[in-house]
Structures are given as structure tokens and as C-alpha cells.
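J.:
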Amino acid sequence: MMKVTINFHKGSLLIFFSNLWYFCRMDLRKTFYSLPASWRYLARRLYFLPGDWLDLASGKRSPMEPPRGLVYTGNGDFVKEGADLLDHLVKIAGLQPQHRVLDIGSGIGRGAVPLTTYLDEQGSYEGFDVVELGVRWCQAQISRRFPRFQFQYIPLANDLYREDGADAANFRFPYEDGQFDAAFANSVFTHMLPEEVGNYLREIHRVLKPGGKCLATFFILNEASKGMMQDLKGFYFPYDHGHYRLFDEKVKSANVAFEEDYLRGTLIENSGLKLLEFYPGFWPGLEKASCKSFQDIILLGKI
Ligand SMILES: C[S@@+](CC[C@H](N)C(=O)[O-])C[C@H]1O[C@@H](n2cnc3c(N)ncnc32)[C@H](O)[C@@H]1O
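The opening residue of the sequence shown carries number 280 in this note's numbering; numbering runs sequentially from there.
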């Protein structure tokens, strides 16, 4: 009798955990977004803790690569994605080693780390972000070794990353006019609302030198992407707000997609920047090999 009971419990547990695993795989992203912002960092830290301990014990991880549990900016390969970003900055935005560069939403250094070996002693880098954890890691690991790399923590509101903060739609970048040769915002405007993006584009125009370039990634809605997106099961934007669509109605900044006409005709047009190039990403279902990246890349210029 006892044996049957134990078997029953084992079987129930197995079914329970396999259902839980299925549910988590199906809707992991939504489950993650349903946590309060501050818990999401803890959940990630705990999930990757065993692997991070192993890396630490084996000395496998370079000090210029954050532990996976701290990389709150995405699950991809930190080093490879950083190298790809540098490649795009050089090949698309014409970045040169002596340039002064601005990294908008610098995260936990994915873009900054590869730049430390690309920029020369005349070049320099400024980054800012709304998440203190990332900025402090970059200051401790990057600025300490490369003083020409500076990072600032700016507590602005963003419901994916924080519970409070000032309005990014009225934020003035903490830099003088016309001082950067190049700027980039990698996977940042995909987490910001229209008025915030409009303000940031105007600020980019202000701080770039004449002739300066900005590489930015977006999810851009046009006939092609909307047509393909309908077939996607996991990654699409069900909440239509007219000029833009949301992935999650409760956590608005989780993922934001912009109508191409609105992005070009209003947000970019009103900023003074010019749209120079557009490379569609594979997010709506394009063949991966035919694209430069998951998100759409645009190149903007201050003429
Ligand atoms: C997906 S992560 C990308 C980070 C980094 N650009 C990278 O490629 O690793 C999005 C980043 O945007 C930052 N962010 C969100 N709202 C912001 C804002 N208003 N100003 C600056 N950064 C912001 C987040 O804190 C986060 O670090």
C-alpha cells in the first residue's frame, strides 16, 4: 500500500513538473514580465547562480564579461553580440578609432567592451543608462581599466527595468552640443514609448557633430513586417495603439514596435536627423541569413 502511494506521489510530481516546464517554456517571457521589476533581477541572478559559480571557480570568464546572472539585457551570447554590434558600427556607421562615441542605454557593457580594443588613445566613449546595476558594473570593470570610457547612472522611468524615475520624454542628455562623432542605441528604442523616443532623437541631433551618425535598432511595422508577424506564435505585438504597438499591455516598455510612416514622418522628421539607411531584421520572420540582426537597424545622420 505504502509503495503504491509513493509511486502515485512520484508520478504526480513528474506530471506537475513537466506541466510547469511546458507552461514556463510556452510563456516564460510573459511570466517574467509579470514579476515586479526588482524581482526580475533576483530571478535571473538565482537562475544562473550555479553556472556563474562554476565559471568563477574555473576562472573561465574574463573580468570584462559580466556573470550571466547580471546580464539583465538579454539571453544571447554577450561576447558575440558585442562583436557584431562593433562590426555594424564600423561598417554601417563608419565608426573610426579616434571617434568620440555616445552609447545610449549602455546596459552592462555589451557595446562598450569591444570598443575598448577598437578606440585608440584619441577616441573616447560616454554611456548612460537607467539601471544602476549595469552602470556600476561598467564603472568598476571598464572605466577602472579604460579611463576614457565613462558611464552615468540616470534614474529615469521605464516599467520594464525600474519601478520609478523621472520622465525620459523631458530628459536632456548630460553632454554639450555637437561633441560626438557617432552615437548608438542598441535595443533601447525597442523598450521606449513614442514621446521618449522623439525626445531622444532630438537630443541625439543636438549632441552629434555635423556629419555625425547614429545607429539605432527598432521593431518597425510596415506592410511586410505586419504581414509576416501575423504568422508568429511567440513574438508579435498584439496591442495596437495607432502609431505604435505593444508586446505587453501591462509592462508597456517590454517591447515596443513603431509604424514606419510615423517613425520616419514624425519622430525622425521632427528631430532634424535624416534617415540614411534601413536594414530589416529577422524578427518578423525573414530568413536569418539574409539579415544583419534580429532587430531592424537604421542609420541616422546629422547633415
Ligand atoms: C535590451 S537592453 C540593451 C542594453 C545595451 N544597449 C546592449 O545592447 O547591451 C535595454 C537598455 O535600455 C536601457 N534603458 C531603458 N530606458 C532607457 C532610457 N530612457 N534611457 C536610457 N537607457 C534606457 C535599459 O536600462 C537597458 O539597459
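In this text, a Cβ means the ideal position worked out from N, Cα and C, and glycines have one as well.
All of these numbers come straight from a predicted model, not from anything done at the bench.
With hydrogens ignored, establish whether the beta-carbon of T352 is closer than 6 Å to any heavy atom of ligand 1.
T.: Correct: T352 has its Cβ closer than 6 Å to ligand 1.
J.: K492 to F357, Cα distance in whole Å?
T.: Their Cα atoms are separated by approximately 24 Å.
J.: In whole angstroms, what separates the C-alpha of L374 from that of L368?
T.: Their Cα atoms are separated by approximately 6 Å.
J.: Candidates S337, D334, L364, F327: which alpha carbon is nearest L349's?
T.: If we check each option's Cα against that of L349, F327 comes out closest.
J.: Helix, strand or coil, according to DSSP, for I499 in the structure here?
T.: Looking at I499 - three-state DSSP - the assignment turns out to be strand.
J.: Using the three-state DSSP reduction, which class does P563 fall into: helix, strand or coil?
T.: The answer is coil: DSSP assigns P563 none of H, G, I, E or B.
J.: Find out if the Cβ-Cβ distance for the pair R347, D331 is shorter than 7 Å.
T.: Closer than 7 Å, so yes.
J.: Which runs of the beta strand (DSSP E) spanning at least 3 residues fall entirely within the region 431-499, listed in chain order?
T.: Runs of the beta strand (DSSP E) inside the region 431-499: 459-464, 487-497.
J.: Given a cut-off of 7 Å, decide if E528 and Y518 are closer than it, judged by their beta-carbon atoms.
T.: It is a contact, given that the beta carbons lie within the stated cut-off.
J.: When DSSP labels each residue in this structure, what does I577 get in the three-state scheme?
T.: Strand, per DSSP.
J.: Report the three-state DSSP secondary structure of L525 (helix, strand or coil).
T.: The answer is strand: DSSP assigns L525 an E or B state.
J.: With a Cβ-Cβ cutoff of 7 Å, do P376 and G402 count as a contact?
T.: For P376 and G402, yes; Cβs fall inside 7 Å.
J.: Output yes or no for whether 7 Å exceeds the beta carbon distance between E474 and A445.
T.: For E474 and A445, no; Cβs fall outside 7 Å.
J.: Is the distance from the Cβ of I582 to the Cβ of A464 below 7 Å?
T.: No.
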